[in-house]
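Mind the numbering: the sequence shown is residues 1 to 540 in full-length UniProt numbering, read in order.
Here a beta-carbon is modelled for each residue, glycine too, at the ideal position from N, C-alpha and C.
Model, not experiment: these values are computed from the prediction.
Below you'll find the structure, written out as structure tokens, and then a few comments.
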Amino acid sequence: MPTSTHASITLHDLTFEWPDGTVALSHLSGVFGTGRTGLIGRNGAGKSTLLRLIAGILTPSSGRVEVAGEVGYLPQTLTLGHDTTLAELLGIADKLTALRAIEAGDSDERHFEAIGDDWDIEARANESLNEIGFTAADLDRRVGEISGGQAVLAAITGLRIRRTPITLLDEPTNNLDRSTRAQLSAFVDNWPGTLVVVSHDLELLEHMDSTGELHAAELEVFGGPYSAWKQYFDERQAAAAQAARTAEQALKAEKRQRVEAETKLARRERTARATQQHGGIPRILAGNRASRAQVSAGAMRTGLDAKVRTAQRILDDAASRVRREEHIHLALPDPDVPRGRRIAELRDGDHTFVIQGPERVALTGPNGAGKSTLIENLLGTRASAPGRATATLCTDRVGYLPQRLDGLDENASAVENVHAVATATPPAAIRDQLARLLLRGDSVDRPVATLSGGERFRVSLARLLLADPPAQLLILDEPTNNLDIASVEQLVEALADYRGAILVVSHDHPFLARIGIDTIVELGADGRLHRRGALEELDH
1 MPTSTHASIT
11 LHDLTFEWPD
21 GTVALSHLSG
31 VFGTGRTGLI
41 GRNGAGKSTL
51 LRLIAGILTP
61 SSGRVEVAGE
71 VGYLPQTLTL
81 GHDTTLAELL
91 GIADKLTALR
101 AIEAGDSDER
111 HFEAIGDDWD
121 IEARANESLN
131 EIGFTAADLD
141 RRVGEISGGQ
151 AVLAAITGLR
161 IRRTPITLLD
171 EPTNNLDRST
181 RAQLSAFVDN
191 WPGTLVVVSH
201 DLELLEHMDS
211 TGELHAAELE
221 VFGGPYSAWK
231 QYFDERQAAA
241 AQAARTAEQA
251 LKAEKRQRVE
261 AETKLARRER
271 TARATQQHGG
281 IPRILAGNRA
291 SRAQVSAGAM
301 RTGLDAKVRT
311 AQRILDDAAS
321 RVRREEHIHL
331 ALPDPDVPRG
341 RRIAELRDGD
351 HTFVIQGPER
361 VALTGPNGAG
371 KSTLIENLLG
381 TRASAPGRAT
391 ATLCTDRVGY
401 LPQRLDGLDE
411 NASAVENVHA
421 VATATPPAAI
431 RDQLARLLLR
441 GDSVDRPVAT
451 LSGGERFRVS
461 LARLLLADPP
471 AQLLILDEPT
481 NNLDIASVEQ
491 LVEALADYRG
501 AILVVSHDHP
511 FLARIGIDTI
521 VELGADGRLH
531 RRGALEELDH
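Here you go:
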């Protein structure tokens, strides 16, 4: 059931429009309580926009945000230069500079103002950095010297050091490997104050006290982690669907009674006319009877019509509470991948791992090990470094889904983008398959640049799955990074119908389990490849 905790963030009739007039949030009201809240919702629902409004980076078009204290914020994408220092990434560079100036004898008042009450900032930084493999001696190191995952974890560590009463994290696990995800989960378990995390990571969402969903311009916060929310949501949807079925039957019954009543009234009118003509009743008496009958019939019709309208309103209300979740069911051509066919080879000098037949292989490993580099080497777009693993394709029918989904023609439509890789497929057939991928109406004819993130993802997926001839190998690089939970579900459904080989780079173990991974190859920090027997082994 919805939670009711002490308010830490309050949204008052919040509306935000982008400069082009696009409405991102409309008349949104709600409350985030103290503790840890996971914020979920479909791509495009406005989750990231809401965090930026709470953080004060964006200004509401109308309404207001009330926060109980200073807000710390981690954006979804860290835009950092390679020369950014670790101290700057932690957000403590100004305080450290002021502290060192005072230690050197500079007693300028501005240094004391910069430090405030944080005289122990360097000691706290050292303690927190030790937890993620750094020390205070690394504060002057450059971001270019560390991995993307380390940079994200360092930025989150900076938020912990600054101890703001409210902290907002936007998709913090996107670039983290298994070990750094485990560290983040441990941080979350002990996070002081209020924490709001936008995430599609089901494992991280289990560490939350509450789950908030942003849907149809409404925010509802439930007291419990994602799994408890999902059970509550499913039960509520089942009840709503049953109520809708009951209301539909009630409406049919009221309409049936209305028809039966009309039949009876028509029969009475025929009988009355016959009596008037042949029954020998005086005309005045017959007229009075007819008048009373008309009044009675009118009252009956009015009452029955009211019952039909009431039943229709009840049905409409019940139906509005039922979400129609569409599912992907594709009819894909057979890529003709016999079980003995060599598709690709991964080598590290001592070992060769062969992707053979319609095998599904996960490439895992820590941040900075070179997984994306190995994929680029496999595709022939990048040479491998000396002493590092290499890869070779044994087929030229390959589909590649990069992390950034940057292989689309932004000015072309979805149909045109797919037709470019399936030239022999009639546009009507492409439209049918796009509809099965939940792309319909004018969205298939608009320029891709105008589509939402979820729609762009499905266009990229369509190019991958509908190519002619069909790809014998699909290569997916962190495919779930920027997808909401529903889009991950749709990706799983789409891949279920694919009969070729798959090589996927991912740290998302629930996703890997759901797509039926056959083989796990781990790329170590030393550049060596290791075969793993099961996903569970990677957690130890």
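(message) Using 8 angstroms as the cut-off, can you tell me whether the segment 311 to 331 makes contact with the segment 487 to 498, which would need three or more C-beta pairs spanning the two stretches below that distance?
(response) Contact holds between the segment 311 to 331 and the segment 487 to 498, because three or more Cβ pairs, one in each stretch, are under 8 angstroms apart.
Assuming residue 541 and S185 are in contact, meaning their beta carbons sit under 8 angstroms apart, how far apart are those beta carbons, in whole angstroms?
Outside the shown range of the chain, which is 1 to 540, sits residue 541, and nothing can be said about it.
Are P386 and A525 closer than 8 angstroms when you measure CB to CB? In the sequence shown, counting from the first residue as 1, residue 386 sits at position 386. In the sequence shown, counting from the first residue as 1, residue 525 sits at position 525. A distance of 8 angstroms or more separates the beta carbons of P386 and A525.
Could you tell me which whole alpha helix (DSSP H) segments of length 4 or greater appear in the segment 367 to 418?
Complete alpha helix (DSSP H) runs here, min 4: 371 to 379.
I think P172 touches L74, with their Cβ atoms under 8 angstroms apart; what is that distance to the nearest whole Å?
Counting from one through the sequence shown, the residue named residue 172 turns up at place 172. Counting from one through the sequence shown, the residue named residue 74 turns up at place 74. At roughly 6 angstroms, the Cβ-Cβ gap stays under 8 angstroms, so P172 and L74 are in contact.
Tell me the rounded alpha-carbon separation between E248 and R267.
Counting from one through the sequence shown, the residue named residue 248 turns up at place 248. Counting from one through the sequence shown, the residue named residue 267 turns up at place 267. Their backbone Cα atoms lie some 29 angstroms apart in a straight line.
CB I502 to CB R342, shorter than 8 angstroms?
As a first step, residue 502 must be located in the sequence shown, where it is residue number 502. As a first step, residue 342 must be located in the sequence shown, where it is residue number 342. Cβ distance not < 8 angstroms, so I502 and R342 don't count as in contact.
inquiry  = Tell me the rounded alpha-carbon separation between L374 and R528.
reply    = As a first step, residue 374 must be located in the sequence shown, where it is residue number 374. As a first step, residue 528 must be located in the sequence shown, where it is residue number 528. Whole-angstrom Cα-Cα distance: 11 angstroms.
In whole angstroms, what is the alpha-carbon distance linking N377 and N174?
Here residue 377 is taken as the residue at index 377 of the sequence shown, counted from 1. Here residue 174 is taken as the residue at index 174 of the sequence shown, counted from 1. Approximately 23 angstroms between the Cα atoms of the pair.
Contacts around R324, its chain only, beta-carbon distance under 7 angstroms, and the 5 residues preceding and following it disregarded: By one-based count along the sequence shown, residue 324 stands at place 324. Cβ within range, chain order: n/a, list empty.
Practice problem: Just mark K47 as buried or exposed, buried being the case when its beta carbon has 16 or more other beta carbons within 10 Å. | Solution: What you label residue 47 is simply residue 47 of the sequence shown in a count that begins at 1. Looking at its Cβ environment, which holds 16 or more other Cβ atoms inside 10 Å, K47 is buried.
Considering only the alpha carbon of each residue, which of V188, L139, L219 lies closest to E206? Along the sequence shown, read from residue 1 onward, the residue named residue 206 stands at position 206. Nearest C-alpha to E206: V188.
F511: first and last residue of the uninterrupted alpha helix (DSSP H) it sits in
For the purposes of this step, residue 511 is taken as the residue at position 511 of the sequence shown. Residues 509 to 514.
Quiz prompt | H509 classed as buried or exposed, judged by whether at least 16 other C-beta atoms fall within 10 angstroms | solution = Looking up residue 509 in the sequence shown gives position 509. Counting Cβ neighbours within 10 Å, H509 comes out buried, since at least 16 surround it.
Please name the residue or residues paired with S199 in a DSSP beta bridge.
Here residue 199 corresponds to residue number 199 of the sequence shown, with the count starting at 1. Among the bridge pairs identified by DSSP, S199 is matched with none.
Counting only the same chain and skipping the five closest in sequence on each side, list residues whose C-beta sits under 7 angstroms from that of L523.
Taking the sequence shown and counting its residues from 1, one reaches residue 523 at position 523. A distance below 7 angstroms between beta-carbons, with the five flanking residues on each side excluded, links L523 to the following residues of its chain, in chain order: L363, G365, A369, G370, K371, L374, A389, L529.
Proximity of A261 and M208 at Cβ, strictly below 8 angstroms = Here residue 261 is taken as the residue at index 261 of the sequence shown, counted from 1. Here residue 208 is taken as the residue at index 208 of the sequence shown, counted from 1. In this structure, the beta-carbon distance from A261 to M208 does not fall below 8 angstroms.
Original post:
Mind checking H6: buried by the 16 CB within 10 Å criterion, or exposed?
Top reply: Sequence index remark: in the sequence shown, residue 6 carries index 6 (1-based). By the neighbour-count rule (16 or more Cβ atoms within 10 Å), H6 is not buried but exposed.
Q) What is the C-beta distance between E345 and T392, in whole angstroms, given that I count them as a contact (C-beta under 8 angstroms)? A) For the purposes of this step, residue 345 is taken as the residue at position 345 of the sequence shown. For the purposes of this step, residue 392 is taken as the residue at position 392 of the sequence shown. That pair is a contact at about 5 angstroms.
_Integer-rounded CB distance, given that I146 should sit under 8 angstroms from Q183_ = Along the sequence shown, read from residue 1 onward, the residue named residue 183 stands at position 183. Along the sequence shown, read from residue 1 onward, the residue named residue 146 stands at position 146. Wrong, their Cβ atoms sit about 14 angstroms apart, outside the cutoff.
Fill in: S8: first and last residue of the uninterrupted beta strand (DSSP E) it sits in
Here residue 8 is taken as the residue at index 8 of the sequence shown, counted from 1. Its beta strand (DSSP E) spans residues 7 to 17.
What are the partner residues of E345, as DSSP defines its beta bridges?
Within the sequence shown, residue 345 is the residue found at index 345, counting from 1. The bridge partners DSSP lists for E345 are V354, T392.
- request: Report the three-state DSSP secondary structure of V322 (helix, strand or coil).
  value: Counting from one through the sequence shown, the residue named residue 322 turns up at place 322. Note: V322 maps to coil in three-state DSSP.
Report task. Rank H111, R499, R531, I485 by C-alpha distance to the C-alpha of E203 and give the top, closest one. Result -> Taking the sequence shown and counting its residues from 1, the one referred to as residue 203 is at position 203. Looking at the Cα atoms, I485 is the closest of the given residues.
Own chain residues within Cβ distance below 6 angstroms of V23, not counting five before or after: Here residue 23 refers to the residue found at position 23 of the sequence shown. By the criterion of a C-beta distance shorter than 6 angstroms, V23 is surrounded in its chain by E17, once the five residues flanking it on both sides are discounted.
From D468 to C394, what distance separates their C-alpha atoms?
In the sequence shown, the residue the question calls residue 468 occupies position 468. In the sequence shown, the residue the question calls residue 394 occupies position 394. Between the alpha carbons of D468 and C394 lies a gap of roughly 18 angstroms.
* Going by the CB atoms, is the gap between V398 and I520 shorter than 8 angstroms? -> The sequence position of residue 520 within the sequence shown is 520, counting from 1. The sequence position of residue 398 within the sequence shown is 398, counting from 1. Cβ atoms of I520 and V398: not closer than 8 angstroms.
Practice item. For E478, count neighbouring C-beta atoms within 10 Å of its own C-beta (all shown protein chains included) and say buried if the count is 16 or more, exposed if not. Key: Locating residue 478 in the sequence shown gives position 478, where the first residue counts as 1. Classification of E478: buried, given that the 10 Å Cβ count is 16 or more.
| Can you name the start and end residues of the beta strand (DSSP E) that I166 belongs to? | Here residue 166 corresponds to residue number 166 of the sequence shown, with the count starting at 1. Per DSSP, I166 belongs to the beta strand (DSSP E) from 166 to 170.
Provide the residue span of the alpha helix (DSSP H) that contains T97, from first to last. Translated into the one-based positions of the sequence shown, residue 97 becomes position 97. It spans 93 to 103 - the alpha helix (DSSP H) in which T97 sits, taken as one unbroken run.
(Q) In this structure, how does DSSP classify D526 when only helix, strand and coil are distinguished? (A) What you label residue 526 is simply residue 526 of the sequence shown in a count that begins at 1. Here D526 sits in coil by DSSP.
query: How big is the Cα-Cα spacing for residue 549 and A244?
result: Residue 549 lies beyond the residue range present for the chain, which begins at 1 and ends at 540; the question has no answer from this structure.
Quiz item: So what does P447 bridge to, in DSSP terms?
Solution: Position 447 of the sequence shown, counting from 1, holds the residue named residue 447. DSSP, once it has assigned bridges, lists S413 as partnering P447.
**Asked** I think K95 touches D118, with their Cβ atoms under 8 angstroms apart; what is that distance to the nearest whole Å?
**Response** The count along the sequence shown starts at 1 and reaches residue 95 at position 95. The count along the sequence shown starts at 1 and reaches residue 118 at position 118. Under the criterion of beta carbons closer than 8 angstroms, K95 and D118 qualify as touching, at roughly 6 angstroms.
Review point. Mind checking E88: buried by the 16 CB within 10 Å criterion, or exposed?
Key: For this step, residue 88 is matched to residue 88 along the sequence shown. By the neighbour-count criterion, in which a residue is buried when 16 or more other Cβ atoms sit within 10 angstroms of its Cβ, E88 is buried.
Worksheet item: Apart from the five residues just before and just after residue 572, which ones in its own chain have a Cβ nearer than 8 angstroms to its Cβ?
Response: Missing from the structure shown is residue 572; the chain here goes from 1 to 540 and no further.
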